[in-house]
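This report concerns only the one structure given below.
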Amino acid sequence: MSKKQINEYYRNLEKAKRFGGTTNEISIKRPFIILLENYFNTKNLYPVDELSLKNSNKRPDGTIRDINQIDWGHWENKDEKDDLEKEIEKKFKIGYPKFNIIFENTIYIILYQNGEKVMYGKMKDANFLDEILTQFVNFVIPEVQEFQNAIENFKNDIPEIVLILRDMISLQAKKNVEFQVARNKFLKICKENINPEISIIEI
Numbered sequence: 000m001s002k003k004q005i006n007e008y009y010r011n012l013e014k015a016k017r018f019g020g021t022t023n024e025i026s027i028k029r030p031f032i033i034l035l036e037n038y039f040n041t042k043n044l045y046p047v048d049e050l051s052l053k054n055s056n057k058r059p060d061g062t063i064r065d066i067n068q069i070d071w072g073h074w075e076n077k078d079e080k081d082d083l084e085k086e087i088e089k090k091f092k093i094g095y096p097k098f099n100i101i102f103e104n105t106i107y108i109i110l111y112q113n114g115e116k117v118m119y120g121k122m123k124d125a126n127f128l129d130e131i132l133t134q135f136v137n138f139v140i141p142e143v144q145e146f147q148n149a150i151e152n153f154k155n156d157i158p159e160i161v162l163i164l165r166d167m168i169s170l171q172a173k174k175n176v177e178f179q180v181a182r183n184k185f186l187k188i189c190k191e192n193i194n195p196e197i198s199i200i201e202i
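So the sequence shown is numbered by numbering that gives the first Met the number 0: it starts at 0 and just counts up by one.
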């Protein structure tokens, strides 16, 4: 992500404080949401405000969702004066998810993934802010990771599957009369409708 967006976040945050005359989390959270949108646009994900957690009336300040309304992460904004560690402890005690969640109070930012605190630092450090948001954005939920792994495993198995199928077809072509009749009928259809020169091997 370009540092331009982060610098714009800093400017927007200062404007929100100056024009609003407050550092209350509700009044100054919009610049952070805009920054998140810039990061998640490349992933076809979108930050949605104040969604209730599934099977709960608890509502993080924001949830990252895909087009299928699957949650990819959450974030929580706090006041500058709040003790961020204590606020995090409170949220986890009432059931906030830990799989991919950011807590920030415009001074510090903390990232939890898979139940562990993985990054912690100051938001005024542009390089660190970019690093932590990039890790937040690149997190892959277990369901998607399992699906991606299954696809990769299937790709690796394709050559072996093809060989097995060829052997099975070859065996049936030699010994199974019904298979031979059906194959020849299909070949005739292909010749009539696709290409008169098509061969058995090609089908």
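Note that CB positions come from ideal geometry on N, CA and C, so glycine has one too.
For residue j and residue i, believed in contact at Cβ under 8 Å, the rounded distance
i    : j    : result
I63  : L44  : 5 Å
T105 : I27  : 7 Å
L186 : I199 : 6 Å
Y38  : L132 : 5 Å
E49  : D65  : In fact, because the Cβ distance is near 18 Å, the residues do not count as touching under 8 Å.
G120 : I108 : 7 Å
Backbone CA spacing between residue i and residue j [nearest angstrom]
i    : j    : result
F127 : S55  : 33 Å
R10  : I69  : 32 Å
P46  : E7   : 18 Å
A193 : N67  : The question names Ala, but residue 193 in the sequence shown is Ile. If I take the Cα positions, the gap works out to 39 Å.
D129 : I33  : 14 Å
K85  : F135 : 21 Å
K53  : C189 : 53 Å
P158 : L164 : 10 Å
W71  : F138 : 8 Å
E79  : N23  : 8 Å
Burial state of residue i, where buried means 16 or more other Cβ atoms lie within 10 Å
i    : result
I31  : Note that residue 31 is Phe in the sequence shown, not Ile. Burial call: buried.
N99  : buried
I202 : exposed
M209 : With the chain covering only 0 through 202, there is no way to say anything about residue 209.
Task: Inter-stretch contact at 8 Å, needing at least 3 Cβ pairs: the segment 68-76 / the segment 85-98 - done: When C-beta atoms of the segment 68-76 are compared with those of the segment 85-98, three or more pairs fall below 8 Å, so the two segments count as touching.
- [ ] Return the chain-ordered ranges of every beta strand (DSSP E) run that is complete within the segment 93-128 and spans a minimum of 3 residues.
- [x] Restricted to the segment 93-128, the beta strand (DSSP E) segments that are unbroken, complete and at least 3 residues in length are 99-103, 107-112 and 115-121, listed in chain order.
TODO: Counting only runs of 4+ residues fully inside the segment 2-31, write out the alpha helix (DSSP H) ranges in chain order.
DONE: Segments of the alpha helix (DSSP H) lying fully in the segment 2-31: 2-19 and 24-27.
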